[in-house]
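**Student:** Counting in our numbering, the sequence shown runs from 1 upward without gaps. Here a beta-carbon is modelled for each residue, glycine too, at the ideal position from N, C-alpha and C. The structure follows.
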Amino acid sequence: MVRQLRRAALMAPLLLAACTTVGPDYRLPEKAVVNASGAQGAFLSGGNGVSTEPLPDHWWKLFDDPTLDALIEKALAGNTDLRVAEANLQRSQALLAVARSARETGLADAETSYVQQSAEQSLQHVQPPERPVYNMGVAISYDLDLFGGIRRGIEAASADSEATAAARDLVRINVAAETARAYSDICNAGHQLDILQQLIGVQEQSLQLTRSLIAHGRAPQFEQSRQQGTIENSKAQIAPLEARQRNAAFRLATLEGLPPADYDRSLLACHAPLQLHALLPTGDGQALLRRRPDVRAAERQLAAATARIGVATAALYPDIKFGATLGSTGAGVDFLSPLTNRFGVGPMISWDLHRSAVRDRIEAAQAQSRASLASFDGVVLKALRETETSLDTYGAALDRLERLKASRDEAGKVAGRTEELRRGGKVGGLVALDAQRSWVASRLATAGAEADINDDQIAIFLALGGGWQ
């Protein structure tokens, strides 16, 4: 035994010195779209409403709204999708730990029974005695991993774990964005309801004056019906806005992991749109692609696919393990005696001789790597497209809002001037009320555009992938 151990000790360094890692070492391909100059620079869209300042980690704080900050914190703590993502990450990390321990194996077993062997099985004609027997032992082995199959497996598992972490971050970004969107819907619907009630009030004043004119024969009867229809048309917009508020509150509750019935009624008191007090920061394409979790996940999946080529390639070569066993087997009366004790030590070699199948698995792994690269390129292009289109939409929405604000301001001036003329007796009440109605209607149109602006801002933050580096 001593001689065998010496031989094994002499062979081990030689075997380890021969270690190599087969398969390609991972490097981001030069031809990947992420390396293209057009993917690295400033964005084409956005106009005057954005800046190239880097996006902060917690973008929602740019709205400077403590209620929104608290809602997102609650959602990140209780969201069910995020709990799933966290569990998936823990599972991935556990599998990585399994891969890292793949070199060492150990097994202990013990059993005992009361037996009588078959006499004819041992070619005897005398019945063997009945007796207790036992078997116990420990076996350990260490895979030398001469060709790096296990090391490549660890690389693949590590990349998979990092991809899962990026997928978790993607869920966090979506939860934050959907929470901000739901809160924005509540506030904008409340703002529009306030203005709509003012519009209905002006319309009702106009109707009262029209009735008076009809009573004195100074206006046709159908004018009352026309104005009444206009009021009903305005009132028809109330229920959808109230439903939009409640539905957004229901969404907030479920985003926080609560039943819709437990929604926070106090949130319905919000009647002011979210406001950015500075230009929207976007950074550039390089920062975007480094930050977006789906891009990071796709890149890590490409790294894992590349490592699995090495795992498949290692099967072309023998797998050599160094192992030892120690145990005892025999009759109970001879328990742990020299007659029952046993041991073994030495190398173990296994080799898959089905070469065509091994090479087919290598080709499959290479094809998967090519597919992962194409998928990675597609995710990069999608990230750039989503950002450019959301910025372009935002720029157009800002232009529309500015024009609506200008129209609102002009209508306000007309309403103010007309009211002065009415007080001076130079115009009638209907003319002044009509100017007032036009002003309130323009304010309602502006409020709708402000709601669109909030949606576009959140869409940009979601496209930029901000929140976690």
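Assess contact between the region 249-257 and the region 71-83, defined as three or more Cβ pairs (one per stretch) separated by less than 8 Å. Is contact present?
**Tutor:** With the rule of 3 Cβ pairs closer than 8 Å, the region 249-257 counts as touching the region 71-83.
**Student:** Return the CA-CA distance between Q457 and Q197, expressed in angstroms with no decimal places.
**Tutor:** Translated into positions along the sequence shown, residue 457 becomes position 457. Translated into positions along the sequence shown, residue 197 becomes position 197. Spanning the two alpha carbons is a distance of roughly 27 Å.
**Student:** Give the single residue among F461, G448, A459 whose Cα lies nearest to the Cα of Q237.
**Tutor:** In the sequence shown, residue 237 corresponds to position 237, counting from 1. Minimum Cα distance to Q237 is reached at G448.
**Student:** Please state if the CB of Q203 and the CB of I231 are separated by a distance shorter than 8 Å.
**Tutor:** Here residue 231 refers to the residue found at position 231 of the sequence shown. Here residue 203 refers to the residue found at position 203 of the sequence shown. A contact, by the Cβ cut-off of 8 Å.
**Student:** Taking one C-beta from the region 368-385 and one from the region 281-293 each time, how about it: are there three or more such pairs within less than 8 Å?
**Tutor:** yes
**Student:** Where does the unbroken beta strand (DSSP E) through K61 begin, and where does it stop?
**Tutor:** Taking the sequence shown and counting its residues from 1, one reaches residue 61 at position 61. For K61, there is no enclosing beta strand (DSSP E), as DSSP gives it neither H nor E.
**Student:** Between the alpha carbons of F222 and Q228, how many angstroms are there, rounded?
**Tutor:** The residue given as residue 222 occupies position 222 in the sequence shown. The residue given as residue 228 occupies position 228 in the sequence shown. Their backbone Cα atoms lie some 10 Å apart in a straight line.
**Student:** Can you tell which of H216, P347, G310, Q436 has the C-alpha that lies nearest to the C-alpha of A156?
**Tutor:** As a working note, residue 156 is residue 156 in the sequence shown. Minimum Cα distance to A156 is reached at G310.
**Student:** Please classify K321: does DSSP put it in a helix, a strand, or coil?
**Tutor:** The count along the sequence shown starts at 1 and reaches residue 321 at position 321. DSSP places K321 in strand when its eight states are reduced to three.
**Student:** Grouping DSSP H, G and I as helix and E and B as strand, with all else coil, what is Y263?
**Tutor:** Here residue 263 refers to the residue found at position 263 of the sequence shown. The answer is coil: DSSP assigns Y263 none of H, G, I, E or B.
**Student:** When DSSP labels each residue in this structure, what does Y114 get in the three-state scheme?
**Tutor:** By one-based count along the sequence shown, residue 114 stands at place 114. Three-state DSSP puts Y114 in a strand.
**Student:** Can you give me the start and stop residues for the alpha helix (DSSP H) that A165 sits inside?
**Tutor:** Here residue 165 is taken as the residue at index 165 of the sequence shown, counted from 1. Per DSSP, A165 belongs to the alpha helix (DSSP H) from 149-215.
**Student:** Only counting runs of 4 or more residues, tell me where the alpha helix (DSSP H) segments fall wholly within the region 25-80, in order along the chain.
**Tutor:** 66-78
**Student:** Taking C-beta to C-beta, are A445 and L404 nearer than 8 Å?
**Tutor:** In the sequence shown, counting from the first residue as 1, residue 445 sits at position 445. In the sequence shown, counting from the first residue as 1, residue 404 sits at position 404. Yes, the Cβ-Cβ distance between A445 and L404 is below 8 Å.
**Student:** Whose C-alpha, out of A411, A451, D452, E450, is nearest the C-alpha of A432?
**Tutor:** Position 432 of the sequence shown, counted from the first residue, corresponds to residue 432. Taking only the C-alpha atoms, the option nearest A432 is A411.
**Student:** Could you check if P128 is buried or exposed, using at least 16 other CB atoms within 10 Å of its CB as the buried criterion?
**Tutor:** In the sequence shown, counting from the first residue as 1, residue 128 sits at position 128. Around the CB of P128, fewer than 16 other CB atoms lie within 10 Å, so the residue is classed as exposed.
**Student:** Taking the alpha-carbon of S184 as reference, which of T67, S118, L207, V333 has the nearest alpha-carbon?
**Tutor:** As a position in the sequence shown, residue 184 is number 184, starting the count at 1. Closest option to S184, judged by alpha-carbon separation, among T67, S118, L207, V333: T67.
**Student:** Straight-line CA distance for I460 to F322?
**Tutor:** Here residue 460 is taken as the residue at index 460 of the sequence shown, counted from 1. Here residue 322 is taken as the residue at index 322 of the sequence shown, counted from 1. Spanning the two alpha carbons is a distance of roughly 57 Å.
**Student:** Is V22 helix, strand or coil by DSSP?
**Tutor:** Taking the first residue of the sequence shown as position 1, residue 22 is located at position 22. V22 falls in the coil class under three-state DSSP.
**Student:** Indicate the three-state DSSP secondary structure (helix, strand or coil) for V311 in the structure shown.
**Tutor:** Within the sequence shown, the letter at position 311 stands for residue 311. The answer is helix: DSSP assigns V311 an H, G or I state.
**Student:** Could you name the residues of the same chain whose beta carbon sits closer than 6 Å to that of L267, not counting the 5 residues immediately before and after it, in chain order?
**Tutor:** Within the sequence shown, numbered from 1, the residue matching residue 267 stands at position 267. So the list reads I186, A249, once near-sequence residues are dropped.
**Student:** Just how far apart, CA to CA, sit P169 and A305?
**Tutor:** By 1-based counting over the sequence shown, the position of residue 169 is 169. By 1-based counting over the sequence shown, the position of residue 305 is 305. Note on residue identity: the sequence assigns Asp, not Pro, to residue 169. Answer to the nearest angstrom: the Cα atoms are 21 Å apart.
**Student:** Would you tell me roughly how many angstroms separate the C-alpha atoms of V50 and E450, rounded to the nearest one?
**Tutor:** As a working mapping, residue 50 is identified with position 50 in the sequence shown. As a working mapping, residue 450 is identified with position 450 in the sequence shown. Their backbone Cα atoms lie some 16 Å apart in a straight line.
**Student:** How long is the line joining the alpha carbons of P29 and R355, rounded to whole angstroms?
**Tutor:** If you number the sequence shown from 1, residue 29 lands on position 29. If you number the sequence shown from 1, residue 355 lands on position 355. About 29 Å.
**Student:** Are S45 and E388 close, meaning C-beta to C-beta below 8 Å?
**Tutor:** Taking the first residue of the sequence shown as 1, we reach residue 45 at position 45. Taking the first residue of the sequence shown as 1, we reach residue 388 at position 388. Against a cut-off of 8 Å, the Cβ pair of E388 and S45 comes out as a contact.
**Student:** From the DSSP output, read off the bridge partner residues of L381.
**Tutor:** In the sequence shown, the residue the question calls residue 381 occupies position 381. According to DSSP, which records beta bridges pairwise, L381 is partnered with nothing at all.
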